[in-house]
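Here this note's numbering is used: the first residue of the sequence shown is 32, the next is one more, and so on.
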Amino acid sequence: MLGDEFGDNPSKRSLFRDHGLVEFFWERVERHWVGTHFSVQAHRLRYPGPGLVNRVIRDRYGDFPGLVTFEEVGALLADRGVPLREVPYRAEAGELRAYWQPDAQIVVSVVEGSYYGRAGDLYRVASSSTGIP
């Protein structure tokens, strides 16, 4: 689906396939691999390069010129009637904020401090394999 431009990061019980901007994750349950979640690593747009955005994605959606702000994404979602609610994100308190979209079970992470980039920039969009942000 996304072509053969990827890197695999396998272990005995998990695998994540990195397509540059987009990653997919699996876990081994007994003998079978089960897809658990995906993520769009928007923070990587800070370092644009020819291989960052997979060719198949570029061909379909065009160029990705740089970072995206949460303000931009939030406004687009609000215009479409898609609610986001802020949820606690203790793992990165003070550095990242998290917003939950319950219908899609998506977590949107936004830079708050300075460690991960510029405050207000979109950091990551990830599906939740557990339904809990």
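We put the beta carbon where it would ideally sit given N, CA and C, even for glycine.
Whole-number beta carbon distance between residue 52 and residue 85, since they are thought to touch under 8 Å: Position 54 of the sequence shown, counted from the first residue, corresponds to residue 85. Position 21 of the sequence shown, counted from the first residue, corresponds to residue 52. The beta carbons of residue 85 and residue 52 sit about 7 Å from each other, so the pair counts as a contact at 8 Å.
For residue 131 and residue 109, the rounded distance between their alpha carbons: Position 78 of the sequence shown, counted from the first residue, corresponds to residue 109. Position 100 of the sequence shown, counted from the first residue, corresponds to residue 131. Roughly 13 Å between the two C-alpha positions.
With 16 other Cβ atoms within 10 Å as the buried cut-off, status of residue 98: Residue 98 sits at position 67 when you count from the first residue of the sequence shown. With 16 or more other Cβ atoms within 10 Å, it is buried.
Nearest to residue 136 (by Cα), restricted to the options 113, 43, 102 and 61: Here residue 136 is taken as the residue at index 105 of the sequence shown, counted from 1. Cα-wise, what sits closest to residue 136 is 113.
Candidates 125, 68, 129 and 95: closest to residue 81 by CA position: In the sequence shown, residue 81 corresponds to position 50, counting from 1. Looking at the Cα atoms, 95 is the closest of the given residues.
Beta-carbon proximity of residue 155 to residue 71, cut-off 8 Å: Residue 155 sits at position 124 when you count from the first residue of the sequence shown. Residue 71 sits at position 40 when you count from the first residue of the sequence shown. At a Cβ-Cβ threshold of 8 Å, residue 155 and residue 71 count as neighbours.
Cβ-Cβ distance between residue 127 and residue 138 below 8 Å: Working through the sequence shown from its first residue, we reach residue 127 at position 96. Working through the sequence shown from its first residue, we reach residue 138 at position 107. No, Cβ-Cβ distance for residue 127 and residue 138 is not below 8 Å.
Alpha-carbon spacing of residue 125 relative to residue 140, whole angstroms: For this step, residue 125 is matched to residue 94 along the sequence shown. For this step, residue 140 is matched to residue 109 along the sequence shown. Spanning the two alpha carbons is a distance of roughly 12 Å.
Residue 118 beta carbon less than 8 Å from that of residue 129: Walking along the sequence shown from the start, residue 129 turns up at place 98. Walking along the sequence shown from the start, residue 118 turns up at place 87. Their beta carbons are under 8 Å apart, which means residue 129 touches residue 118 by this criterion.
6 Å CB neighbourhood of residue 101 in its chain, flanking five on each side removed: Counting from one through the sequence shown, the residue named residue 101 turns up at place 70. Here the set comprises 141, 151 and 153.
Nearest candidate by alpha-carbon position, reference residue 36, set 62, 42 and 49: In the sequence shown, counting from the first residue as 1, residue 36 sits at position 5. For the residues 62, 42 and 49, the minimum Cα distance to residue 36 belongs to 49.
Run of the beta strand (DSSP E) containing residue 146, from where it starts to where it stops: In the sequence shown, counting from the first residue as 1, residue 146 sits at position 115. It is not in any beta strand (DSSP E) - residue 146 carries neither H nor E in the DSSP assignment.
One or two residues paired with residue 59 in a DSSP bridge: Walking along the sequence shown from the start, residue 59 turns up at place 28. DSSP lists 64 as partners of residue 59.
Residue 89 versus residue 115 - alpha carbon distance: If you number the sequence shown from 1, residue 89 lands on position 58. If you number the sequence shown from 1, residue 115 lands on position 84. Approximately 27 Å, taken between the alpha carbons.
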